[in-house]
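Q: Starting off with a structure, shown below.
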């Protein structure tokens, strides 16, 4: 699958999701069906997950990274923006520990960077799930604009980044948000003219925190490879906007195929695979050229790992999200509805087989990539492959212990 075609398809889904009355056709059938929680027994047993990849001991700085990441967020005011309850949930989730399983052997400086990176992405995801944002998607748009400004700063005329912002502008409804859009364009003009530095731009707490890690990344990775990370982050942010609009409209993607397409947007896995470019820079070996990175096999690899980890996440979060919160944005719920499963547990087993199928496809892509890459690029290819495989084992290790996937006071 060529990245441009894949990207264009997702962009059209995004555009259509913002058009007025797009959720209801003249015959009364909805593109996003009304939220309907299937009446099933409130039980779910996650299936046992077998995988061939080794489990790794956490990075040596795993414990230290928690304080570093949380202090970093607090220094930008993210704790106050989240509020006491959400901030407590974020701290207790210990998300940097996930990175400790996935990147157990990277340079200490890079590990602390990735711990901060995952913390701000998780903080943004947490804020975007807040009821206030779901009730008013233009507030979510304001958050996204600030982060997108940082992504655009070093390439302010990038057509792909600018084109994919258009649906976001369609969501802007209030005078306050329109003022933010005006300020966004004024700052972007400074970026184009070189009349202001990114560090001098006034930003909200979330955008300011993101700016810090983005600037560190841009200092380390060659310019020609920066847009890979920018595109992945923009896709994630736009996925959050789609989800917020769907929640506001009280709609749900009923079909598994539709759910999978949306889930690929809302996943934050790709940025953390693509940050392998940072580690490759430290290794002082040739990067994967753009011609190979945007080729079919690398895009196949990224899509497969995205699906595998996202669906694995859905399985392990099903009890908390589907059973307790009755949130239908989950593969287990989508499968249960479309296949008329007898139980959520049955749907979970089907989802796990889908995960295994995507892992098998990922491995096929790995072999093809190694065959296609010139000898000089083999170390970089191996770094990407290691990151993907460690995501499989690492995410499973993390799900076993993280409070993010457990209900308080239970073993679930």
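Residue numbers (full-length UniProt numbering): 1 to 412. Note that beta-carbon positions come from the ideal geometry of N, C-alpha and C, so glycine has one too. Keep in mind the model is a prediction, meaning the values are calculated, not measured.
Spell out whether any CB of chain B is found under 8 Å from the CB atom of residue 353.
A: The structure shown contains no chain B, having only a single protein chain.
Q: Are residue 380 and residue 286 touching if we call contact CB-CB under 8 Å?
A: Going by C-beta atoms, residue 380 is nearer than 8 Å to residue 286.
Q: Excluding five sequence neighbours on each side, which residues of the same chain lie with their C-beta closer than 7 Å to the C-beta of residue 255?
A: Correct list, in chain order: 338.
Q: Would you kindly report the start and end of the unbroken alpha helix (DSSP H) that includes residue 193?
A: Where residue 193 is concerned, the enclosing alpha helix (DSSP H) stretches over 175-193.
Q: Put residue 118 into one of helix, strand or coil per three-state DSSP.
A: If DSSP states are grouped into helix, strand and coil, residue 118 belongs with the helices.
Q: Among 95, 98, 276, 332, which has the Cα closest to the Cα of residue 47?
A: That would be 332, whose Cα lies nearest to the Cα of residue 47.
Q: Where does residue 57 fall in DSSP's three states?
A: Residue 57 falls in the coil class under three-state DSSP.
Q: Check whether the segment 259-276 and the segment 228-248 touch, using three or more Cβ-Cβ pairs below 8 Å as the test.
A: Contact holds: three or more Cβ-Cβ distances are below 8 Å.
Q: Give the secondary structure of residue 216 by DSSP, where H, G and I count as helix, E and B as strand, and everything else as coil.
A: DSSP places residue 216 in helix when its eight states are reduced to three.
Q: Ends of the alpha helix (DSSP H) at residue 290?
A: Element bounds for residue 290: 290-293.
Q: Rounded to whole angstroms, what is the Cα-Cα separation between residue 149 and residue 264?
A: Those two C-alpha atoms are separated by around 23 Å.
Q: Using 8 Å for Cβ pairs, my map puts residue 126 next to residue 82. What's the rounded Cβ distance?
A: Right, the Cβ-Cβ distance comes to about 7 Å (below 8 Å), so this counts as a contact.
Q: If you draw a straight line from the C-alpha of residue 124 to the C-alpha of residue 41, how long is it?
A: Roughly 33 Å between the two C-alpha positions.
Q: Measure the C-alpha to C-alpha separation of residue 410 and residue 400 and round it to an integer number of angstroms.
A: Per-residue confidence for residue 410 stands at a pLDDT of 49, beneath the threshold of 50, marking its modelled position as unreliable; no derived number is given.
Q: Taking the alpha carbon of residue 218 as the point to measure from, which residue in 298, 152, 202 has its own alpha carbon closest?
A: That would be 152, whose Cα lies nearest to the Cα of residue 218.
Q: Pick out whichever of 147, 336, 55, 389 has its Cα sitting closest to the Cα of residue 349.
A: When only C-alpha atoms are compared, the closest one is 336.
Q: Are there 16 or more other CB atoms within 10 angstroms of the CB of residue 340, so buried, or fewer, so exposed?
A: So residue 340 ends up on the exposed side.
Q: Hey, could you find the ends of the alpha helix (DSSP H) residue 324 is sitting in?
A: From DSSP, residue 324 is part of no alpha helix (DSSP H); its letter is neither H nor E.
Q: Thinking C-beta only, is residue 319 closer than 8 Å to residue 44?
A: Yes, Cβ-Cβ distance for residue 44 and residue 319 is below 8 Å.
Q: Should the segment 391-400 be called in touch with the segment 304-324, which here means at least 3 C-beta pairs below 8 Å?
A: Touching, yes, given that three or more Cβ pairs across the two stretches are closer than 8 Å.
Q: On the three-state DSSP scale, how would you describe residue 49?
A: Coil, per DSSP.
Q: To the nearest angstrom, how far is the alpha carbon of residue 25 from that of residue 246?
A: Here residue 25 scores only 33 on pLDDT, less than 50, and its place in the model should not be relied on; the value that follows carries that caveat. Approximately 16 Å between the Cα atoms of the pair.
Q: Can you tell me whether residue 21 is buried or exposed, with buried defined as 16 or more other CB within 10 angstroms of its CB?
A: Because the pLDDT of residue 21 is 33, which lies under 50, any placement of that residue in the model is unreliable, and the number read from its coordinates should be weighed accordingly. The residue is exposed, with fewer than 16 neighbouring Cβ atoms inside 10 Å.
Q: Return the CA-CA distance between residue 281 and residue 223, expressed in angstroms with no decimal places.
A: In a straight line, the C-alpha of residue 281 is about 12 Å away from that of residue 223.
Q: Helix, strand or coil for residue 129, going by three-state DSSP, please let me know.
A: Looking at residue 129 - three-state DSSP - the assignment turns out to be coil, as it is neither helix nor strand.
Q: Taking the alpha carbon of residue 398 as the point to measure from, which residue in 370, 353, 309 has its own alpha carbon closest?
A: Checked all of 370, 353, 309; the closest Cα to residue 398 is 309.
Q: Cβ atoms of residue 344 and residue 359: under 8 Å apart, would you say?
A: Cβ atoms of residue 359 and residue 344: not closer than 8 Å.
Q: Exposed or buried, which one is residue 174 when buried takes at least 16 other CB atoms within 10 Å?
A: When all chains shown are included, residue 174 counts as exposed.
Q: Measure the alpha-carbon distance for residue 29 versus residue 258 and round it to whole angstroms.
A: Because the pLDDT of residue 29 is 39, which lies under 50, any placement of that residue in the model is unreliable, and the question is left without a value.
Q: Give the secondary structure of residue 270 by DSSP, where H, G and I count as helix, E and B as strand, and everything else as coil.
A: Looking at residue 270 - three-state DSSP - the assignment turns out to be helix.
Q: Apart from the five residues on each side of it in sequence, which residues of its chain come closer than 7 Å, Cβ to Cβ, to residue 352?
A: Correct list, in chain order: 47, 49, 315.
Q: Do residue 112 and residue 68 have their CB atoms nearer than 8 Å?
A: It is a contact, given that the beta carbons lie within the stated cut-off.
Q: Can you give the beta carbon distance from residue 95 to residue 118, rounded, assuming they're within the 8 Å contact cut?
A: Contact flag correct, Cβ pair sits at about 5 Å.
Q: By the 10 Å Cβ neighbour count, where 16 or more other Cβ atoms means buried, how is residue 194 classified, buried or exposed?
A: Counting Cβ neighbours within 10 Å, residue 194 comes out exposed, since fewer than 16 surround it.
Q: Ordered along the chain, which non-local residues of its own chain (more than five positions away) have a Cβ less than 8 Å from that of residue 213?
A: Excluding positions up to five away in sequence, the list reads 113, 116, 117, 120.
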